[in-house]
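Participant: I'd like to ask you about the structure that follows.
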Amino acid sequence: MSDKIEINCTVNDQQLKLHAYPMERLLNVLREQLRLTGTKEGCGEGECGACSVMIDGRIVNSCLVPVAQAEGASIKTIEGVAVSENQLHAVQQAFIECGGAQCGICTPGMVMAAVDLLEKTPNPTEAEIRNGLAGNLCRCTGYMKIFESVVRAIGK
Amino acid sequence: MRAYVPSYQLISPASLGEALDVLASDNGTWKPFAGGTDLMVLLEAGKLTHQNYVNIWNLPELRGIDVTANEITLGALTTYTQVQNHRTLREEFPMLCQAASETGGLAIQNRGTLGGNIVNASPAADSPPALLAYDAELELVSRAGERKVPYATFHQGYKQMDIRPGELLRTIRLPRHFQKLIHYYRKVGTRKAQAISKICFAATAVAAADITHVRIAMGSVAPIPIRCVKTEAALVGKAINEATIAEAKDTLASEISPIGDIRSTKDYRLKVSLNLLEDFISQLGR
């Protein structure tokens, strides 16, 4: 049996002290302890990307990260993507305009993947967009609208 | 059924030395935990039977890619993303970079490590065939000292490895080659992204009229990732022609032992393996 440990990390620019069992999934801590329920659970095994968050500027599946490994990390979730209370991120705005969100479960992960892609590759080719979204599954299979959303967000 | 999380230990030592102390203690009941991309899947499925883990993710001693005149040394925690982003690896070890780019999606590539891929010892893993074809050598470290093991002899049976209690994989070394090599890597899965291999084939040889320095390694055709040494022997010194291809295919068919499972059938795996071998040999002649 393990005891809860203290984890110091930053979530959406807020410095936090978390208390959790070391093997708890970052996904659960975000959703249940911090009530950041924008991050979704899909498959729980790293196949679908619904739980995608950024750790230190890189996209990861939060279902595969034990919270002990978040020590010292800077985490960004879908709640931290918008520019401000009144201004969405260009990717979020593009998803609205292009109908990139259907049932909504894959959407936060898709947005995180698209934000990650555009941060690293501001002018992606079609192939780069497809590769950037390859780790995220949409069961409504609305991939074209999601793809078009990313295209619209380029350069904004 | 999901795992009961409080029953798992995951302690985070501050240095490699401390980690080795823990691994040497309690009769080897502590196991290393790196990027978590395999172990966390088992945890969520309630199938992670072992409970005591040492978190090695933050140990700087296990990171970094070092290039010298004759070899490249990769820390065991080198991620798939770091493999792909490394210029010398892209130029000289393209099959390893391709394997890294075809393992999971970006989120997995940012967390999954080369060392983890090796010691998880899945026969379907994507990087082992490339590492075998590039004559990789492993460096293991423990409180008892260091030990070097040719990667070709590391996997001994299904999930059985030449690693002793208390030992940790520290680095993977790749000898550099200065001849012009043909690199031929093919992963065959159900879809292009996020698929586990039905067949993985990695081969190199010097591009010349006669075949030299040939290495052929495969995944998902045996209980371990294998170097196909008999098939290599059937090719060395031969001219590239129909007879050479036929003999090599016969040899490979007897050297691999694919099975039918949830991902593919024995017949399909055998047929595709032989097709890939033929395609590889044909490319040598171009």
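Chains A and B supply the protein sequences, listed in that same order. One point on numbering: in this note's numbering, the residue at position 129 of the first sequence is 129, and numbering is uninterrupted. One point on numbering: in this note's numbering, the residue at position 283 of the second sequence is 283, and numbering is uninterrupted. Virtual Cβ for every residue (Gly too), placed ideally from N, Cα, C.
1. Cβ closer than 9 Å: which chain A residues qualify as neighbours of threonine 49 of chain B?
2. Counting contacts by CB-CB distance shorter than 8 Å, is glutamine 69 of chain A in contact with chain B?
3. Does leucine 64 of chain A get closer than 8 Å to chain B when you measure Cβ to Cβ?
4. In chain order, what residues of the segment 6–19 of chain B put their CB closer than 7 Å to some CB of chain A?
5. Inspect the beta-carbon positions of valine 65 of chain A and alanine 20 of chain A and report whether they are closer than 8 Å.
6. Pick helix, strand or coil for proline 129 of chain B, following the three-state DSSP scheme.
7. Does any C-beta atom of chain A lie closer than 8 Å to the C-beta of leucine 62 of chain B?
8. With a CB to CB cut of under 7 Å and the five nearest residues on each side skipped, what residues in its chain are close to threonine 171 of chain B?
9. Just the Cα atoms here: how many angstroms apart are glycine 135 of chain A and serine 101 of chain B?
10. Tell me, which residues are paired with cysteine 9 of chain A by DSSP?
11. Going by other Cβ atoms of all chains shown within 10 Å of its Cβ, with 16 needed for buried, is glutamate 24 of chain A buried or exposed?
12. Just to confirm the assignment, what range does the alpha helix (DSSP H) spanning glycine 343 of chain B have?
13. Measuring CB to CB, does methionine 218 of chain B end up less than 8 Å from serine 273 of chain B?
14. Quick one: what does DSSP say isoleucine 259 of chain B is sitting in, helix, strand or coil?
15. Roughly how many angstroms separate the alpha carbons of leucine 277 of chain B and threonine 204 of chain B, rounded to a whole number?
16. To the nearest angstrom, report how far apart phenylalanine 33 of chain B and aspartate 261 of chain B are at their CA atoms.
17. Would a check of beta-carbon distances place valine 119 of chain B closer than 8 Å to chain A?
18. Note down, in chain order, each residue of its chain lying with its Cβ closer than 6 Å to the Cβ of threonine 251 of chain B, except the 5 sequence neighbours on either side.
19. With a threshold of 7 Å on Cβ separation, who are the neighbours of leucine 152 of chain B within its own chain once the five nearest residues in sequence on each side are excluded?
20. For tryptophan 57 of chain B, return the contacting residues in chain A, with the cut-off set at a CB-CB distance below 8 Å.
21. Please report whether the beta-carbon of arginine 58 of chain A lies at a distance below 8 Å from any beta-carbon of chain B.
22. Whose C-beta lies closer than 8 Å to the C-beta of glycine 166 of chain B among residues of the same chain, with five residues either side of it excluded?
23. Mind checking if alanine 82 of chain A is an interface residue toward chain B, Cβ cutoff 8 Å exclusive?
24. Would you kindly work out how many angstroms separate the C-alpha atoms of proline 13 of chain B and glutamine 92 of chain A, rounded to a whole number?
25. Residue range of the beta strand (DSSP E) that glutamine 9 of chain B falls in?
26. Where does isoleucine 129 of chain A land, buried or exposed, given buried means 16+ other C-beta within 10 angstroms?
27. Taking threonine 37 of chain A as the reference, give the member of A/Val83, A/Ala82, A/Ala101 and A/Asn28 with the closest Cα.
28. With methionine 110 of chain A as the anchor, note down where its alpha helix (DSSP H) starts and where it stops.
29. Check whether the segment 45–65 of chain A touches the segment 109–127 of chain A, counting contact only when three or more Cβ pairs, one atom from each stretch, lie closer than 8 Å.
30. Just by C-beta distance, which residues in the segment 208–229 of chain B are closer than 8 Å to chain A?
31. Taking the alpha helix (DSSP H) that lysine 148 of chain B belongs to, which residues open and close that run?
32. Is the beta carbon of alanine 209 of chain B closer than 8 Å to that of alanine 239 of chain B?
33. State the Cα-Cα distance for the pair arginine 90 of chain B and histidine 177 of chain B, rounded to the nearest angstrom.
34. Between serine 52 of chain A and chain B, is any beta-carbon pair separated by less than 8 Å?
35. Taking three-plus beta-carbon pairs below 8 Å as touching, is the segment 68–77 of chain A in contact with the segment 88–103 of chain A?
36. Check whether the Cβ atoms of arginine 269 of chain B and valine 206 of chain B sit closer than 8 Å, and answer yes or no.
Facilitator: Result, derived from the coordinates:
1. Correct list: empty, because the minimum Cβ distance to chain A is about 14 Å.
2. yes
3. yes
4. Pro6, Ser7, Tyr8, Gln9, Leu10 and Ser12
5. no
6. helix
7. no
8. Thr73, Leu74, Gly75, Ala76 and Glu139
9. 12 Å
10. A/Leu16
11. buried
12. Outside the modelled stretch of chain B, which goes from 1 to 286, sits residue 343 of chain B, for which no answer is possible.
13. yes
14. coil
15. 11 Å
16. 28 Å
17. no
18. Lys230, Thr231 and Ala234
19. Residue identity differs from the one stated: residue 152 of chain B is alanine in this sequence, not leucine. Excluding sequence neighbours, alanine 152 of chain B sits near Leu132 and Arg227.
20. Gln69
21. yes
22. Leu20, Leu23, Ala24, Gly28, Ser142, Arg143 and Ala144
23. no
24. 40 Å
25. 9–11
26. buried
27. A/Asn28
28. 107–120
29. yes
30. none
31. Taken as a continuous stretch (DSSP letters only), lysine 148 of chain B belongs to no alpha helix (DSSP H), being part of the beta strand (DSSP E) at 145–150.
32. yes
33. 13 Å
34. yes
35. no
36. no
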